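Colleague: Dropping a structure here in structure tokens format, bear with me for questions.
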Amino acid sequence: MLILLDFNFSDNAERYWFYGQLFLFFFLVVYFILMLRSKHKTELQTQKDMYHGFGWFVFSTVLAQGIYVVKLIWDFTDQGEFIPRKIRIGGTGYEYVMFMCFSLGFIFLMKPIEQHILHKENLWITKLNKITLIFMVIPYIGSWLYYQPPWNDYWTYAAYPGLVLVILSALFSMFGSFFFYIRLGIVSSGLIRRKGFLIGIGIILMYIGLIAGSEIKSSIGGWAGAILGPGVMLVGAIMVIIGHRIQI
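Be aware that the sequence shown starts at 5, since it is given in my numbering, and climbs by one per residue.
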């Protein structure tokens, strides 16, 4: 299908960036399948919950990455705007949709971590993630149902609290998800130490790739920046997979 499209890359860096993002999308699909398979193979309920949470978090990144890849196809084939910019925050419409995908993923990621690792009975990070998703979805739906002056500005103003919350929930989710594993690697030895460091550092790299991938590309520039952006997330995902497969 892609062979039939007429891409207009300005240089090889854009070509490397596009195919790197496309490869990352398919890798994340495989990663999601591996997490679900691991869930069905294990007999421990705790591990089932962890694989379930990580798996559906990865699925949310699959959605976000898929949206981004389609957006790149739109850009490089000169088809205009992919997602109309209803919420006038950021550069284009796809960014807000990707934030909603990540908010959904954080809910799945943090629930088993709070239950089984952090031992938080009130699950306050998970609740924060749910509230964040609601605050982001409502103005977005409203902007599609009724978008004309002056309501187009009102929907944007209504979306600001959700944007602030998604930043807070991302920070808390990042800290909560890798804190235990890094601490486990520091205080343990042998396979447990290796598992803790692999998953903890892998999660950090995945977050860096998700959030700062495009910034890495623009800051470094050229083919190195185009490859390094998706490469950081790819390395992190591989480390998490290896860490999960270590049996202790």
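Built from N, CA and C at the ideal position, the CB exists for glycine as well.
Please read these numbers as outputs of a predicted model, since none were measured by experiment.
Identify every run of the beta strand (DSSP E) within the stretch 88-114, keeping only runs that are complete inside it and at least 3 residues long; order them along the chain.
Modeller: Listed in chain order, there is nothing to give.
Colleague: Report yes or no: do the stretch 162-175 and the stretch 115-122 share at least 3 C-beta pairs separated by less than 8 Å?
Modeller: No contact exists between the stretch 162-175 and the stretch 115-122.
Colleague: Can you tell me which of Phe201, Gly213 and Met210 puts its alpha carbon nearest to the alpha carbon of Met250?
Modeller: Numbered from its first residue, the sequence shown carries residue 250 at position 246. The amino acid occupying residue 250 in the given sequence is Ile; Met does not appear at that position. Comparing Cα-Cα distances from Ile250 to each of Phe201, Gly213 and Met210, the minimum goes to Phe201.
Colleague: Suppose contacts are defined by Cβ-Cβ distances below 7 Å. Is Thr81 in contact with Leu32 by that definition?
Modeller: The residue labelled residue 81 in the question sits at position 77 within the sequence shown. The residue labelled residue 32 in the question sits at position 28 within the sequence shown. Going by C-beta atoms, Thr81 is not nearer than 7 Å to Leu32.
Colleague: Just the Cα atoms here: how many angstroms apart are Lys131 and Ile111?
Modeller: In the sequence shown, the residue the question calls residue 131 occupies position 127. In the sequence shown, the residue the question calls residue 111 occupies position 107. Approximately 8 Å between the Cα atoms of the pair.
Colleague: Please name the residue in Leu209, Met114, Tyr158 and Phe13 whose C-alpha comes closest to that of His56.
Modeller: Translated into the one-based positions of the sequence shown, residue 56 becomes position 52. Comparing Cα positions, the closest option is Met114.
Colleague: Using 10 angstroms around the beta-carbon of Lys75, count the other beta-carbons present and answer buried if the total reaches 16, otherwise exposed.
Modeller: As a position in the sequence shown, residue 75 is number 71, starting the count at 1. Counting Cβ neighbours within 10 Å, Lys75 comes out buried, since at least 16 surround it.
Colleague: Less than 7 Å between the C-beta atoms of Thr136 and Ser177, yes or no?
Modeller: Here residue 136 corresponds to residue number 132 of the sequence shown, with the count starting at 1. Here residue 177 corresponds to residue number 173 of the sequence shown, with the count starting at 1. Taking 7 Å as the Cβ cut-off, Thr136 and Ser177 do not qualify as a contacting pair.
Colleague: Among His248, Met243, Leu209 and Ile246, which residue has its Cα nearest to the Cα of Val236?
Modeller: On the sequence shown, position 232 is the one that residue 236 refers to. Here the closest residue by C-alpha is Leu209.
Colleague: Report the option in Asn16, Tyr211 and Trp60 whose CA atom is closest to the CA atom of Ile37.
Modeller: Working through the sequence shown from its first residue, we reach residue 37 at position 33. For the residues Asn16, Tyr211 and Trp60, the minimum Cα distance to Ile37 belongs to Trp60.
Colleague: If we call anything under 7 Å between Cβ atoms a contact, is Leu26 one with Val73?
Modeller: Here residue 26 refers to the residue found at position 22 of the sequence shown. Here residue 73 refers to the residue found at position 69 of the sequence shown. For Leu26 and Val73, yes; Cβs fall inside 7 Å.
Colleague: Could you tell me the alpha carbon to alpha carbon distance between Gly70 and Leu169, rounded to whole angstroms?
Modeller: Counting from one through the sequence shown, the residue named residue 70 turns up at place 66. Counting from one through the sequence shown, the residue named residue 169 turns up at place 165. The alpha-carbon atoms of Gly70 and Leu169 are separated by roughly 24 Å.
Colleague: Please state the DSSP three-state secondary structure of Phe11.
Modeller: Translated into positions along the sequence shown, residue 11 becomes position 7. Coil.
Colleague: Would you check if the distance between the CB atom of Ile91 and the CB atom of Tyr23 is smaller than 7 Å?
Modeller: Mapped onto the sequence shown, residue 91 falls at position 87. Mapped onto the sequence shown, residue 23 falls at position 19. In this structure, Tyr23 does not lie closer than 7 Å to Ile91 by Cβ.
Colleague: Given a cut-off of 7 Å on the beta-carbon distance, is the pair Glu118 and Leu108 in contact?
Modeller: Your numbering for residue 118 matches position 114 in the sequence shown. Your numbering for residue 108 matches position 104 in the sequence shown. Contact flag unset, no.
Colleague: Would you report the Cα separation of Val3 and Met140, rounded to the nearest angstrom?
Modeller: As shown, the chain starts at 5 and ends at 252. That puts residue 3 outside it, with no answer to give.
Colleague: Can you find the residues in the same chain that come closer than 8 Å, C-beta to C-beta, to Met104, ignoring five residues on each side of it along the sequence?
Modeller: On the sequence shown, residue 104 is found 100 positions in, with the first residue counted as 1. Counting only Cβ-Cβ distances below 8 Å, and skipping sequence neighbours, we find Leu137, Met140, Val141 and Tyr144.
Colleague: Alpha helix (DSSP H) containing Ser192: first to last residue?
Modeller: Translated into positions along the sequence shown, residue 192 becomes position 188. First-last for Ser192: undefined, no H or E at that position.
Colleague: Along the alpha helix (DSSP H) that carries Gly146, what are the first and last residues, could you check?
Modeller: Translated into positions along the sequence shown, residue 146 becomes position 142. Trp128 to Leu149 is the extent of the alpha helix (DSSP H) around Gly146.
Colleague: Thinking C-beta only, is Ile129 closer than 7 Å to Gly180?
Modeller: The count along the sequence shown starts at 1 and reaches residue 180 at position 176. The count along the sequence shown starts at 1 and reaches residue 129 at position 125. Yes, the pair counts as a contact, with Cβ atoms nearer than the cut-off.
Colleague: Comparing C-alpha positions only, which one of Ile196, Val191, Tyr211 and Asp157 sits nearest to Phe182?
Modeller: Mapped onto the sequence shown, residue 182 falls at position 178. If we check each option's Cα against that of Phe182, Tyr211 comes out closest.
Colleague: Run through DSSP, which three-state label would Gly84 get?
Modeller: Translated into positions along the sequence shown, residue 84 becomes position 80. Coil, per DSSP.
Colleague: Compare the beta carbon distance of Pro234 and Leu28 with 7 Å and say whether it is the shorter of the two.
Modeller: The sequence position of residue 234 within the sequence shown is 230, counting from 1. The sequence position of residue 28 within the sequence shown is 24, counting from 1. Yes, Cβ-Cβ distance for Pro234 and Leu28 is below 7 Å.
Colleague: Alpha carbon to alpha carbon, how far is Asp10 from Pro116? Give it in angstroms, no decimals.
Modeller: Residue mapping note: residue 116 aligns to position 112 of the sequence shown, counting from 1. Residue mapping note: residue 10 aligns to position 6 of the sequence shown, counting from 1. If I take the Cα positions, the gap works out to 45 Å.
Colleague: Based on Cα-Cα distance, which residue from Ala68, Lys43 and Gly189 lies nearest to Ile203?
Modeller: Here residue 203 is taken as the residue at index 199 of the sequence shown, counted from 1. It is Gly189.
Colleague: Under the three-state reduction of DSSP, which class applies to Lys124: helix, strand or coil?
Modeller: As a position in the sequence shown, residue 124 is number 120, starting the count at 1. Coil at Lys124, not helix or strand.
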